[in-house]
Structures are given as structure tokens and as C-alpha cells.
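In my numbering, the protein residues as written are 94 to 142.
One structure below.
Next comes the structure, spelled out in C-alpha cells:
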């Protein structure tokens with residue numbers, strides 16, 4: 094996924110009882126700028142909705 098000139102790399106872990114249980118999604122990039130961390134945190138929050 095790409096946003097604001099940033100490319101995000103995701104790791105998706107499927108649970109054994111998938112599709113009955115939601116997969117776990119993580120952003121695995123490391124970011125240098127605090128503004129980029131904010132975007133990463135907003136993405137993680139959207140995964141939990």
C-alpha cells in the first residue's frame with residue numbers, strides 16, 4: 094500500500110480457525126520520521142475496527 098509517498102509492507106497472520114476469526118494485520122516497516130509513525134498508528138487503529 095502506498096500513501097503520502099510512503100510504501101507500507103504488511104504482515105498478515107491467519108489464525109488456525111480462519112475465517113471464523115479475523116486475521117492479524119501488522120505494518121512491518123520501520124519509520125524515521127514521527128509523522129510517518131502517526132500514519133502507521135492510524136493504520137493499525139483502522140485494522141481493529
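A virtual CB, placed ideally from N, CA and C, is assigned to each residue, including glycine.
Can the beta-carbon of residue i be found less than 7 angstroms from the beta-carbon of residue j?
i: residue 118; j: residue 140; result: yes
i: residue 105; j: residue 116; result: yes
Cα separation between residue i and residue j?
i: residue 137; j: residue 110; result: 22 angstroms
i: residue 107; j: residue 99; result: 25 angstroms
In the DSSP assignment, find the beta strand (DSSP E) that holds residue i and state where it starts and stops.
i: residue 109; result: Per DSSP, residue 109 belongs to no beta strand (DSSP E) and is neither H nor E.
i: residue 118; result: 117-120
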